[in-house]
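Worksheet for the structure shown next.
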Amino acid sequence: MKKIALLLSCAAVFLLSGCRESMTDLTERVFRQAESDFVLLDSHADEVNLPGSVNPDGSFQMVKPSGWTSGFFPGCLWYVYEYTGNEQIKDLAWKNTLKLEPILDPAKDVSHDIGFMVNCSYGNAYRLTGDAHAREAMEAGAAKLAARFNPAVGCTKSWNDRNPRIFKVIIDNMMNLELLMNGYEMFGADSLKAIALTHSRTTMANHFRPDGSTWHLVIYDSESGEVVKKQTVQGFCDDSAWSRGQAWGLYGYTMMYAKTGEKDFLRQAETIATYIIPMLPKDGVPYWDFNAPGTPHAMPMDSPGAPAAKFAALFTGEKVERDASAGAIIASALVSLSSLTEDAHASRRYLRTAERILRSLAGPQYLSAPGEDYGFLVKHCVVNLHGGAGIDVPLPYADYYFLEALLKYRGLK
Ligand code: GLY
639 MKKIALLLSC AAVFLLSGCR ESMTDLTERV FRQAESDFVL LDSHADEVNL PGSVNPDGSF
699 QMVKPSGWTS GFFPGCLWYV YEYTGNEQIK DLAWKNTLKL EPILDPAKDV SHDIGFMVNC
759 SYGNAYRLTG DAHAREAMEA GAAKLAARFN PAVGCTKSWN DRNPRIFKVI IDNMMNLELL
819 MNGYEMFGAD SLKAIALTHS RTTMANHFRP DGSTWHLVIY DSESGEVVKK QTVQGFCDDS
879 AWSRGQAWGL YGYTMMYAKT GEKDFLRQAE TIATYIIPML PKDGVPYWDF NAPGTPHAMP
939 MDSPGAPAAK FAALFTGEKV ERDASAGAII ASALVSLSSL TEDAHASRRY LRTAERILRS
999 LAGPQYLSAP GEDYGFLVKH CVVNLHGGAG IDVPLPYADY YFLEALLKYR GLK
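Residue numbering for the sequence shown is 639 to 1051, as defined by our numbering.
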């Protein structure tokens, strides 16, 4: 009897998996859609600016080369070129990468986001073509980011403040360290690696709560290096877990372990993963904040740092926004972490979770129909719900990490 039950359940699994699209077919379908959609997306931007998002009135939004998301569309094009070998896409990738030239001007002050901008655009250009100018751009970008390092604090600075004693560091900065580590690998600049290591260790000490979740912003005294305050800016409230912040932390420590072999970074990445995975809804695509009203772990509306009353209508708890961009970042990080962890059980869990997210993002709920949404791929992202901006929109960083995760997944097999 037991044998028959076992045979029947095996047959059911076989039939079900037989009906399911393979990850190889899913990847092919998404990249072929991207190959045509990105030609359309490129056509909506002018000669100077890049695709940014969609405005609340439905019009197309562009981002300036100095905007923090400017590097993602060129990066998406490089990933599509990598997959398809399509020379027209390569030309578009170069055209869009070179739109970022103004930010390389040594006289121009840039933000900590130079890591995103330069690494995703010129970094991928260099990786795929070995081009000398892309290499110079990486060197210039890394130098600009390194200039934001403060040894008293042990971090690179995020947002500038009028008061020079106020030194703000957001968890997002972990992502910009990849530019420094690539700079170290490309140019043998030990100082770049030292900054990345110190920033990672300081952030590990001060940004995380005991459960592995992270504050968004830590404010330091720029002279003493003391922590002054921990709070949110884009999350629901000061002590909540803004999902994109958790995603940046997971990706940042996974990348830092991959590049340095420092075991503390692997442990930190696994602690973050252990926090995130049970917080994900059934389809794997995160709520915009894991503690937003309406979620299973909601924090009250009167929590310190919660949004202003004028946004109360956004927080009735009836519809909880998802942030598909956080899902894409988490999926990409988990694919990497699955091959880095020393725990076979954890590895399977990371990969299963990544696959669950990727299948959702590639499904009709999250993937735009071909030609829709100006050619952006992933729908239902959030820029800053706390501030009432960019709610339920497509974003180029969702597309970037989605494509990256699929390429990495393909590389595993
Ligand atoms: N780095 C800005 C954001 O994640 O919104």
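No residue lacks a Cβ here, since even glycine has one placed at the ideal position from N, Cα and C. These numbers were taken from a predicted model, which means no experiment stands behind them.
Could you check the C-alpha separation between residue i and residue j for me, to the nearest Å?
i	j	result
M661	N724	22 Å
S647	A1036	With a pLDDT of 46 at S647, under the threshold of 50, the modelled position of this residue cannot be trusted; read the value that follows with caution. Their Cα atoms are separated by approximately 37 Å.
K598	E980	A query on residue 598 cannot be resolved here, the shown segment of the chain reaching from 639 to 1051 and no further.
V973	K1046	7 Å
D876	W853	7 Å
P1034	D849	30 Å
V1031	V692	6 Å
G887	G705	21 Å
A966	E993	11 Å
G1013	M893	29 Å
P768	E774	In the sequence on display, residue 768 carries Gly and not Pro. Straight-line Cα distance between these residues: approximately 11 Å.
H983	T991	12 Å
D921	S829	42 Å
G1001	P919	16 Å
D747	C657	54 Å
F825	G753	16 Å
S977	L742	35 Å
A785	L855	20 Å
A763	K948	44 Å
N820	F676	27 Å
D680	G883	29 Å
E956	I808	30 Å
M813	M700	23 Å
R800	A790	19 Å
A772	G932	46 Å
T870	T707	20 Å
E959	A770	43 Å
K640	R986	The predicted model places K640 with a pLDDT of 48, which falls under 50 and marks its position as unreliable; any figure quoted below should be read in that light. Roughly 27 Å between the two C-alpha positions.
A951	E900	45 Å
G1025	D810	17 Å
I995	A745	42 Å
W732	M776	15 Å
E1042	P1008	19 Å
G1028	P694	8 Å
F953	A827	48 Å
F903	L835	10 Å
L1091	T909	As shown, the chain starts at 639 and ends at 1051. That puts residue 1091 outside it, with no answer to give.
I833	L1005	38 Å
Round the Cβ separation of residue i and residue j to the nearest angstrom and send it over; I've been treating them as touching at under 8 Å.
i	j	result
A907	Y895	6 Å
N734	L715	6 Å
I727	E659	Between E659 and I727 the Cβ distance is about 24 Å, and since that is not below 8 Å, they are no contact.
F846	D927	With 8 Å as the limit, F846 and D927 do not qualify as a contact, their Cβ atoms being about 17 Å apart.
Y719	L664	Not confirmed; about 20 Å, so no contact.
Y889	A971	4 Å
I804	I857	6 Å
I968	A885	5 Å
N788	S860	6 Å
Starting from residue i, trace the beta strand (DSSP E) both ways and give me its first and last residue.
i	result
L688	688-692
G932	Unbroken run through G932: none, as it is neither H nor E.
N814	N814 -> not in any beta strand (DSSP E); alpha helix (DSSP H) instead, spanning 811-825.
M939	Looking at the DSSP string, M939 is not in any beta strand (DSSP E), and its letter there is neither H nor E.
G779	Run containing G779: none in the beta strand (DSSP E); it sits in the alpha helix (DSSP H), 770-784.
V923	Where V923 is concerned, there is no enclosing beta strand (DSSP E), given that its DSSP letter is neither H nor E.
V701	698-701
State the start and end residues of the unbroken alpha helix (DSSP H) segment that holds residue i.
i	result
I741	Where I741 is concerned, there is no enclosing alpha helix (DSSP H), given that its DSSP letter is neither H nor E.
A763	762-767
F805	Run containing F805: none in the alpha helix (DSSP H); it sits in the beta strand (DSSP E), 804-808.
N844	828-844
H754	Note on residue identity: the sequence assigns Phe, not His, to residue 754. Counting along the chain, the alpha helix (DSSP H) containing F754 begins and ends at 752-756.
G863	Counting along the chain, G863 falls outside any alpha helix (DSSP H), and DSSP gives it neither H nor E.
A907	901-917
Q1003	Element bounds for Q1003: n/a, residue is neither H nor E.
D680	661-682
V871	Counting along the chain, V871 falls outside any alpha helix (DSSP H), and DSSP gives it neither H nor E.
F710	710-722
G607	Missing from the structure shown is residue 607; the chain here goes from 639 to 1051 and no further.
K897	881-898
(message) Using 8 Å as the cut-off, can you tell me whether the segment 1009-1022 makes contact with the segment 931-940, which would need three or more C-beta pairs spanning the two stretches below that distance?
(response) Using a C-beta cut-off of 8 Å, the segment 1009-1022 makes no contact with the segment 931-940, since fewer than three inter-stretch Cβ pairs fall below that distance.
(request) Specify whether the segment 1020-1040 and the segment 708-722 touch according to this definition: at least 3 beta carbon pairs, one from each stretch, less than 8 Å apart. (result) Because the criterion of three Cβ pairs below 8 Å is met, the segment 1020-1040 and the segment 708-722 touch.
(request) Tell me, please, whether the segment 756-770 touches the segment 788-801 by the rule of three or more beta-carbon pairs shorter than 8 Å. (result) Segments in contact, no.
(request) Could you tell me whether the segment 839-846 touches the segment 778-789, using the rule of 3 or more Cβ pairs below 8 Å? (result) The segment 778-789 and the segment 839-846 do not touch, with fewer than three beta-carbon pairs separated by less than 8 Å.
(request) Could you name each continuous beta strand (DSSP E) segment of 3 residues or more that falls completely within the segment 966-1046, going from the start of the chain to the end? (result) Qualifying beta strand (DSSP E) stretches, in chain order: 1019-1022, 1027-1031.
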